[in-house]
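Following: one structure in structure tokens, then a few remarks.
Protein chains: 6
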Amino acid sequence: MTLTHFDAKGDAHMVDVSDKPATARVAVARGHIRMARDTLDIIAQGRAKKGDVLGIARLAGIMGAKKTADLVPLCHPLPITKVAIDLTLDADLPGVQIEATVKTTGQTGVEMEALTAVSTAALTVYDMAKAVDRAMEIGGIRVVLKDGGKSGRYRAS
Amino acid sequence: MTLTHFDAKGDAHMVDVSDKPATARVAVARGHIRMARDTLDIIAQGRAKKGDVLGIARLAGIMGAKKTADLVPLCHPLPITKVAIDLTLDADLPGVQIEATVKTTGQTGVEMEALTAVSTAALTVYDMAKAVDRAMEIGGIRVVLKDGGKSGRYRAS
Amino acid sequence: MTLTHFDAKGDAHMVDVSDKPATARVAVARGHIRMARDTLDIIAQGRAKKGDVLGIARLAGIMGAKKTADLVPLCHPLPITKVAIDLTLDADLPGVQIEATVKTTGQTGVEMEALTAVSTAALTVYDMAKAVDRAMEIGGIRVVLKDGGKSGRYRAS
Amino acid sequence: MTLTHFDAKGDAHMVDVSDKPATARVAVARGHIRMARDTLDIIAQGRAKKGDVLGIARLAGIMGAKKTADLVPLCHPLPITKVAIDLTLDADLPGVQIEATVKTTGQTGVEMEALTAVSTAALTVYDMAKAVDRAMEIGGIRVVLKDGGKSGRYRAS
Amino acid sequence: MTLTHFDAKGDAHMVDVSDKPATARVAVARGHIRMARDTLDIIAQGRAKKGDVLGIARLAGIMGAKKTADLVPLCHPLPITKVAIDLTLDADLPGVQIEATVKTTGQTGVEMEALTAVSTAALTVYDMAKAVDRAMEIGGIRVVLKDGGKSGRYRAS
Amino acid sequence: MTLTHFDAKGDAHMVDVSDKPATARVAVARGHIRMARDTLDIIAQGRAKKGDVLGIARLAGIMGAKKTADLVPLCHPLPITKVAIDLTLDADLPGVQIEATVKTTGQTGVEMEALTAVSTAALTVYDMAKAVDRAMEIGGIRVVLKDGGKSGRYRAS
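Protein chains in written order, with UniProt numbering: chain A, 1 to 157; chain B, 1 to 157; chain C, 1 to 157; chain D, 1 to 157; chain E, 1 to 157; chain F, 1 to 157.
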């Protein structure tokens, strides 16, 4: 088994997708940022009253999805047709659960866009809460669903 | 305790650092991407022979650090003076360990640049290996060292 | 009536346009920048002889149209197929009248691209003339024509 | 009087500021977006309950300020040290009043950054409300205060 | 014969390609960077052992191709479907030969993308070797093949 | 002699310049684009009358200089303080001669910015004239002067 991002000589290239049909694609990625319970409380209070950390992280994630091909070197540029990001306070973590859904009609999938959205949203939560908690940790970033294209449907077990 | 990224009304702003002196700053962040053992083997073989996944992820991480203020909404733009990224194959994980060191002489710290470098490098590994392994997971992204500025030295316990 | 950029919970998202057909779209936006008569004269002389403020503003506007999805958070990225910008000296204003026409074949309209083109061209005129006139004012930025897509033709009254 | 953005031959250049000292700079710009009263009511309700148009426009404006040198061709890149944006519902307009304050310590002023922040915030309000009101109009974009640098303090009359 | 990038008044515009069919397009561009023989030897040794100048230049070229519409003012944004870049050490030059192949399915050609890829790869080689050789020279950047679209096949003689 | 962009293991990094003093820097780069005599005539006529190819290329070069750190992977971001670009019609070439001068006060030099400015200006001339001449060739891109920093003054022989 070989990595498609390298040619026969081992040189990196952006894979030729010219002959693939443009089909409807969707990908869902998840991740989280773990923090001290006090930090979670501060974010939760702000949400209710003022200082909307989750709203800002959501927007950053949406804009991050649009920058994916600029960040990931061998990623194809794609005209995204939908991005939605769910951020949920999770008292058990404690921290914030993040889920991003991205769609396109294109020749390649949108897993990277969904992962980049989650990752950018998590980095933004870190940025906004770092003055009160430096020990936050971002993790669990993975694809949970991918559909469209000839490789078919993938759902994380 | 309040979040400095919001003013008294709860509105987000880019914090005023005009009156802070420009001092030498350093931040180190870590993270990893976990994968199937077979995926690790493919990457390891490529490293030795051809198809340098880690080299490409390193470069993506360095370039990602330069895009931090573009990705993270309330982050100050900073003239980075150093970025180095270590990617190590870890057979126990199994996967790749990532560590980024960023320096600047500026009015704010470079934690976000170090975290963005790690995150972008991890996303790039995912992109390059996703054709053989969709279940990879990015995690453990955190600041392990931060120094410079009036808040002093922080080392993760 | 509700704003489509928010979901049922009130969270912002990039609206799903996956199921909309790609149709021919056009939008025309207008705006102006008002300035002192002396400033207008300096620009007018430069146009004839040297120092082409309008030419530079036109180019900035065209390039600005291509950055729309990067500037406006919930805007879909679109493959623009035409941008033309008219800048006219208006002695009565006094100032510069700006009109931008943008076309695409896509799933959403190009009003935002046309408005961003006008706005960027106006900002560029301000930048180039601000050394002689700080009191210039940008205004009248609006959509005057929009066509294509299921909402049909709109022409400002 | 001549435009400093052109040299003796009339060719555009980025003005040489190498010999200017880096001083504390501030600029405040204002603008507005006028809309139907019904549109204002929808935005006002969302603010209270869900669908925070003003919060999203504020963030877009802050990020827009960071893109100024990328949008305005002859503008110097500057390390911004503060951006704050006030958006106020104005029932008399009716519409939204926007004010942006930008600071830096640098060799040139930040008027363009403040104007770009206002302009980007206004474009974002348009984008979010355009499904209910196409006739909105952006205007009144001007510098109201500028201080720092050898040209001294400017306050709009 | 006239330049299509200008309208009847001589004003620059992004040419209207709305009515052109989206067809398969390919372009191949070439160029080189000439250097001292010692510099070539250092790069050659690094390739074999460590310090992969060509690998980094290749990646920079691929990412550069994706930025073409951002760099070249009147260039249409295009969803690239393939980028491959060959860098070859040429002892006779002495220096590095560069060839880029770019594909898309679109309404305009991809010559500019191929030329930008070559140019960015060459600049990156310069950057990496400039500490040992300031007299390197980039040249021979040209289109060698272009196909697709109504103007048909072009092959450099 | 080794390449400073690689560490002891041969891994690429952005070189640490934290301890270098910020000094006044200047770099001048040159290049050209060769074309058919007829193409040169068309550009020359446009310059006099309408369709200012050189003015647009100049602006593209200035904006390109600002994107250098985004294009060249290991390049440090720098606050440029001056960019000027001279484009001259050369009947003997035949074609266009390009010279870019860039200044900064910083910890590293601005050769890459000057080279990127020349390269982007040349690509833009190609783009604007390619409809009438596909065989144009970009060449002679080199540093002719560099000053400031501890390595001192360099002037191409």
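Ideal Cβ placement from N, Cα and C applies to all residues, glycine included.
Neighbour list for residue i in chain A, Cβ cutoff strictly below 8 Å
i, result
"C:Ala-12", "Gly-55, Arg-58, Leu-59 and Ile-62"
Nearest-angstrom Cα separation, counted from residue j out to residue i
i, j, result
"residue 162 of chain D", "C:Ala-57", "Residue 162 of chain D falls outside the range modelled here, since chain D spans only 1 to 157, and no answer is possible."
"C:Thr-101", "C:Cys-75", "18 Å"
"B:Arg-155", "D:Asp-70", "37 Å"
"D:Val-53", "D:Gln-97", "13 Å"
"A:Arg-37", "C:Ser-119", "45 Å"
"D:Ala-39", "D:Val-125", "According to the sequence shown, residue 39 of chain D is Thr rather than Ala. Approximately 11 Å, taken between the alpha carbons."
"C:Gly-61", "D:Pro-21", "32 Å"
"C:Ala-12", "D:Lys-67", "22 Å"
"A:Thr-23", "A:Gly-148", "6 Å"
"D:Ile-33", "D:Gly-46", "17 Å"
"A:Ala-129", "B:Thr-116", "16 Å"
"F:Leu-59", "F:Ala-121", "8 Å"
"B:Gly-95", "B:Met-35", "5 Å"
"A:Lys-82", "A:Thr-105", "10 Å"
"D:Thr-25", "B:Pro-77", "The displayed chain sequence assigns Arg, not Thr, to residue 25 of chain D. The alpha-carbon atoms of D:Arg-25 and B:Pro-77 are separated by roughly 16 Å."
"F:Gly-152", "F:Lys-103", "15 Å"
"D:Asp-41", "D:Gly-55", "16 Å"
"C:Met-63", "F:Gly-109", "28 Å"
"C:Ala-44", "D:Glu-99", "31 Å"
"B:Ala-65", "F:Ala-65", "19 Å"
"B:Ser-157", "B:His-5", "26 Å"
"A:Lys-146", "D:Lys-150", "58 Å"
Chain E residues whose Cβ lies nearer than 9 Å to that of residue i
i, result
"B:Asp-52", "Asp-52 and Gly-55"
"F:Val-132", "Met-1, Thr-2, Leu-3 and Thr-4"
Residue i: contacting residues in chain E (beta-carbon distance under 7 Å)
i, result
"A:Ala-69", "Lys-66"
Any chain G beta carbon closer than 8 Å to residue i
i, result
"A:Ile-80", "Any reference to chain G falls outside this structure, whose protein chains are A, B, C, D, E and F."
Contacts of residue i in chain D (Cβ-Cβ under 9 Å)
i, result
"F:Thr-105", "Ser-18, Ala-22 and Gln-107"
Supposed contact pair residue j and residue i - C-beta distance, whole angstroms, cut 8 Å
i, j, result
"C:Gly-31", "C:Ile-138", "7 Å"
"B:Glu-111", "B:Ile-80", "Not a contact, Cβ separation roughly 13 Å."
"A:Val-132", "B:Leu-3", "7 Å"
"F:Asp-7", "B:Ala-135", "Contact doesn't hold; Cβ gap of about 33 Å is too wide."
"A:Asp-86", "B:Val-72", "Rounded, the Cβ-Cβ distance is 20 Å, inconsistent with contact."
Interface partners of residue i on chain B, CB under 7 Å
i, result
"F:Leu-74", "Ile-62"
Contact set between residue i and chain F, taken where Cβ atoms lie within less than 7 Å
i, result
"B:Val-83", "His-13 and Met-14"
Within chain D, partners of residue i - CB distance below 7 Å
i, result
"C:Thr-124", "Val-72 and Pro-73"
"C:Asp-127", "Val-72, Leu-74, Cys-75 and Met-112"
Where residue i meets chain C, residues with beta-carbon distance less than 9 Å
i, result
"residue 177 of chain E", "With chain E running from 1 to 157 in the structure shown, residue 177 of chain E is simply not present."
Under 8 Å from the C-beta of residue i: neighbouring residues of chain F
i, result
"E:Lys-150", "The premise fails here: E:Lys-150 is roughly 12 Å from chain F at the closest Cβ pair, so nothing lies under 8 Å."
Contact list for residue i against chain C, beta-carbon separation under 7 Å
i, result
"E:Pro-77", "Lys-66, Pro-79 and Ile-80"
"D:Val-143", "Arg-134"
Alpha helix (DSSP H) runs wholly inside the segment 29-74 of chain C, at least 4 long, in chain order:
37-48, 53-66 and 68-71
To test your reading of the DSSP string, which unbroken beta strand (DSSP E) runs of 3 or more residues are found completely within the segment 85-155 of chain E?
95-106 and 137-147
Please determine if the segment 13-21 of chain A and the segment 83-98 of chain A are in contact, where contact requires at least 3 C-beta pairs separated by less than 8 Å.
no
Between the segment 22-41 of chain A and the segment 142-150 of chain A, are three or more C-beta pairs nearer than 8 Å?
yes
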